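Numbering (this note's numbering), first residue to last: 14 to 127.
The beta-carbon is built from N, C-alpha and C at its ideal position, and this holds for glycine as well.
For clarity, every value in this text was computed on a predicted model and none was experimentally measured.
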Amino acid sequence: MSDNKNVRRLISIVEEFRKLDAEMQAQTILLFLLVVARPGISMKELAQSTELSSASISRNIAALGETHRGGQPGHNLLRAYEDPLDRRTKRVELTAKGRAVCSTLISALTGAVE
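Right, here's the structure in full:
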């Protein structure tokens, strides 16, 4: 596969995120992709994986969740929930919309969307 084709696919992935939010930050995209890779990952594990502060993790997960800071609507891609075995731990998973976005990204990556 040519480098040009790979770059076009990467651009299409970035464009999918820009459709959601033209100003979405790279760290927000990274957190979404980490949840895709590890459904049910804890907020603490996200912080350890990214070296972001817990406040930054919470803020970004809220932006990707149902309600962002200040009551603003979020993107509804992720859902944070209390771990049933340890109520002190919050875990994160994809919503139905998050799974749909993930499918679109995979299609763009594999070339199904050109």
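How about Ile-74 and Leu-118: do their beta carbons lie closer than 9 Å?
-> In the sequence shown, counting from the first residue as 1, residue 74 sits at position 61. In the sequence shown, counting from the first residue as 1, residue 118 sits at position 105. No, the pair does not count as a contact, with Cβ atoms beyond the cut-off.
Is Leu-59 closer than 9 Å to Val-105 when the C-beta atoms are compared?
-> On the sequence shown, residue 105 is found 92 positions in, with the first residue counted as 1. On the sequence shown, residue 59 is found 46 positions in, with the first residue counted as 1. Their beta carbons are under 9 Å apart, which means Val-105 touches Leu-59 by this criterion.
Just curious, the alpha helix (DSSP H) that Thr-117 is in, first and last residue?
-> Locating residue 117 in the sequence shown gives position 104, where the first residue counts as 1. DSSP places Thr-117 in the uninterrupted alpha helix (DSSP H) bounded by 109-123.
Relative to the C-alpha of Ile-42, which residue among Ser-55, Asn-19, Ser-67 and Val-114 is closest?
-> As a position in the sequence shown, residue 42 is number 29, starting the count at 1. Among Ser-55, Asn-19, Ser-67 and Val-114, the Cα nearest to that of Ile-42 belongs to Val-114.
DSSP three-state call for Leu-90: helix, strand or coil?
-> Along the sequence shown, read from residue 1 onward, the residue named residue 90 stands at position 77. Annotated three-state conformation of Leu-90 is coil, per DSSP.
Inter-stretch contact at 8 Å, needing at least 3 Cβ pairs: the segment 92-109 / the segment 66-80 | Yes, they touch.
Outcome for Val-48 when other beta-carbon atoms lying within 10 angstroms are tallied against a minimum of 16 | Mapped onto the sequence shown, residue 48 falls at position 35. Around the beta carbon of Val-48, a 10 Å sphere encloses 16 or more other beta carbons of the protein chains shown; the residue is thus reported as buried.
Buried or exposed: which applies to Ile-24, given that a residue is buried once 16 or more other Cβ atoms fall within 10 Å of its Cβ?
-> Taking the first residue of the sequence shown as position 1, residue 24 is located at position 11. Under a 10 Å Cβ-count criterion, Ile-24 is classified as exposed, with fewer than 16 other Cβ atoms of the shown protein chains found around its own Cβ.
Counted within 10 angstroms of its Cβ, other Cβ atoms place Gly-111 as buried (16 or more) or exposed = In the sequence shown, counting from the first residue as 1, residue 111 sits at position 98. Classification of Gly-111: buried, given that the 10 Å Cβ count is 16 or more.
Per DSSP, Glu-106 is paired with what?
-> Residue 106 sits at position 93 when you count from the first residue of the sequence shown. DSSP lists Arg-92 as partners of Glu-106.
Spatial distance of Ser-66 from Leu-107 (CA atoms) = As a working mapping, residue 66 is identified with position 53 in the sequence shown. As a working mapping, residue 107 is identified with position 94 in the sequence shown. Rounded to the nearest whole angstrom, the CA to CA distance from Ser-66 to Leu-107 is 21 Å.
In the DSSP assignment, what are the bridge partners of Asp-16?
-> Within the sequence shown, numbered from 1, the residue matching residue 16 stands at position 3. None, per the DSSP bridge assignment.
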